[in-house]
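Asks: Note that our numbering gives residue 230 to position 227 of the sequence shown, counting from 1, and the numbers run on in steps of one. Have a look at this one.
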Amino acid sequence: MVKVAAIQMVSTPVVDENFASARRLVAQAAQEGARLVLLPEYWPIMGMNETDKVAHAEQIDVGPIQQCMADMAREKGIWLIGGTLPMAASDENKVLNTTMVYDPQGEHVVRYDKIHLFSFTKGAESYDEARTIVHGTRVGSFDAPFGKVGLSVCYDLRFPELYRAMGDCALIVVPAAFTYTTGRAHWEILLRARAIENQCYVLAAAQGGTHPNGRRTWGHSMLIDPWGDIKAVLPEGEGVVAGDLDPAHLQRVRESLPALKHRKL
Numbered sequence: 004m005v006k007v008a009a010i011q012m013v014s015t016p017v018v019d020e021n022f023a024s025a026r027r028l029v030a031q032a033a034q035e036g037a038r039l040v041l042l043p044e045y046w047p048i049m050g051m052n053e054t055d056k057v058a059h060a061e062q063i064d065v066g067p068i069q070q071c072m073a074d075m076a077r078e079k080g081i082w083l084i085g086g087t088l089p090m091a092a093s094d095e096n097k098v099l100n101t102t103m104v105y106d107p108q109g110e111h112v113v114r115y116d117k118i119h120l121f122s123f124t125k126g127a128e129s130y131d132e133a134r135t136i137v138h139g140t141r142v143g144s145f146d147a148p149f150g151k152v153g154l155s156v157c158y159d160l161r162f163p164e165l166y167r168a169m170g171d172c173a174l175i176v177v178p179a180a181f182t183y184t185t186g187r188a189h190w191e192i193l194l195r196a197r198a199i200e201n202q203c204y205v206l207a208a209a210q211g212g213t214h215p216n217g218r219r220t221w222g223h224s225m226l227i228d229p230w231g232d233i234k235a236v237l238p239e240g241e242g243v244v245a246g247d248l249d250p251a252h253l254q255r256v257r258e259s260l261p262a263l264k265h266r267k268l
């Protein structure tokens with residue numbers, strides 16, 4: 004058994020405020036025994052304007068956001084999957100929306116740049132991440148002591164081919180900032196589908212509340228097992244969602260219903 008945790012936040016435009024919240028919640032997760040902790044998408048900044056994050060873009064292994072994550076991983080002796088942060092892109096007016104992973108020594112082991120960029124328009128509600136974000140191009144994963152971990156972010160959840168491209172994972176993570184509208188309709192069913200079809204655990208860390216910029220996010224951070232059962236969930240507000248990864252249970256699911264072995268395409 005390995006305990007994992009997802010951090011749910013209601014991030015603000017003030018980076019230092021978000022650092023303080025993340026440190027407190029990660030410390031809580033570690034105190035509860037989590038060996039791997041996942042932060043949500045946009046955890047360091049949810050700006051008043053979508054362009055605000057560009058000013059906080061960091062180069063690889065340089066900058067206060069990455070330093071904060073490395074310190075948390077090392078101080079708590081955990082694997083830390085850092086939700087997303089803005090990383091410098093080839094277009095100086097845009098960023099990459101990047102997940103950075105740190106080992107228990109605080110060393111950066113892998114990065115994943117979000118591939119699929121969200122856009123949505125319904126009445127007065129409108130989003131278009133491509134205005135300020137550059138698409139990533141490479142599938143991301145890493146090997147943890149308990150098995151392979153697949154990396155995805157928010158809107159990636161709607162593209163099952165990405166998860167097939169990861170290969171055989173024990174755990175898939177989904178840091179997110181789903182809107183209230185789309186989250187209420189699709190968040191849970193998509194997460195459970197990814198767990199069921201890939202026969203692995205899914206850990207999702209969300210933004211969950213009304214932010215100073217007026218945006219409302221859906222929350223419902225959760226841990227789902229390989230059978231598609233929700234093991235833990237937090238509907239709204241900041242907090243920690245934790246639960247165990249049971250390799251024996253994962254193996255039983257795959258042996259009783261060997262769907263992965265039955266694939267033809």
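Note that beta-carbon positions come from the ideal geometry of N, C-alpha and C, so glycine has one too.
Please report the straight-line C-alpha distance between Asp55 and Asn100, rounded to a whole angstrom.
Replies: Here residue 55 refers to the residue found at position 52 of the sequence shown. Here residue 100 refers to the residue found at position 97 of the sequence shown. If I take the Cα positions, the gap works out to 13 Å.
Asks: Could you give the first and the last residue of the continuous alpha helix (DSSP H) run that contains Tyr166?
Replies: By 1-based counting over the sequence shown, the position of residue 166 is 163. Counting along the chain, the alpha helix (DSSP H) containing Tyr166 begins and ends at Pro163 to Ala168.
Asks: Would the region 210-221 count as touching the region 4-22 if we require 3 or more Cβ pairs under 8 Å?
Replies: yes
Asks: From the DSSP output, in three-state form, read off His111 for me.
Replies: Counting from one through the sequence shown, the residue named residue 111 turns up at place 108. His111 falls in the strand class under three-state DSSP.
Asks: Helix or strand or just coil, what does DSSP make of Trp190?
Replies: Taking the first residue of the sequence shown as position 1, residue 190 is located at position 187. Three-state DSSP puts Trp190 in a helix.
Asks: If the criterion is Cβ atoms closer than 8 Å, does the pair Val5 and Asp247 meet it?
Replies: The count along the sequence shown starts at 1 and reaches residue 5 at position 2. The count along the sequence shown starts at 1 and reaches residue 247 at position 244. With contacts defined as CB atoms closer than 8 Å, Val5 and Asp247 qualify as a contacting pair.
Asks: On the DSSP letters alone, give me the boundaries of the beta strand (DSSP E) that Glu239 sits inside.
Replies: Position 236 of the sequence shown holds residue 239. Here Glu239 belongs to no beta strand (DSSP E), and DSSP marks it neither H nor E.
Asks: Over the uninterrupted alpha helix (DSSP H) stretch that includes Phe22, give me the two end residues.
Replies: The count along the sequence shown starts at 1 and reaches residue 22 at position 19. Taken as a continuous stretch (DSSP letters only), the alpha helix (DSSP H) holding Phe22 covers Val18 to Gln34.
Asks: Taking Ile175 as part of the beta strand (DSSP E), name the residues at either end of that continuous run.
Replies: Against the sequence shown, residue 175 aligns to sequence position 172. Looking at the DSSP string, the run of the beta strand (DSSP E) that includes Ile175 is Leu174 to Ala179.
Asks: Considering only residues of the same chain and omitting the five flanking positions on each side of Arg219, which have a CB-CB separation below 8 Å?
Replies: Position 216 of the sequence shown, counted from the first residue, corresponds to residue 219. So the list reads Thr182, Tyr183, Gly212 and Thr213, once near-sequence residues are dropped.
Asks: Could you check how far apart the C-beta atoms of Ala8 and Val243 are, in whole angstroms? I think they sit under 8 Å.
Replies: For the purposes of this step, residue 8 is taken as residue 5 along the sequence shown, with counting starting at 1. For the purposes of this step, residue 243 is taken as residue 240 along the sequence shown, with counting starting at 1. Right, their Cβ atoms sit about 5 Å apart.
Asks: On a CA-only basis, which of Ile175, Ile84 and Ala91 is nearest Ala58? Give me that one, please.
Replies: Within the sequence shown, the letter at position 55 stands for residue 58. The shortest Cα separation from Ala58 among Ile175, Ile84 and Ala91 belongs to Ala91.
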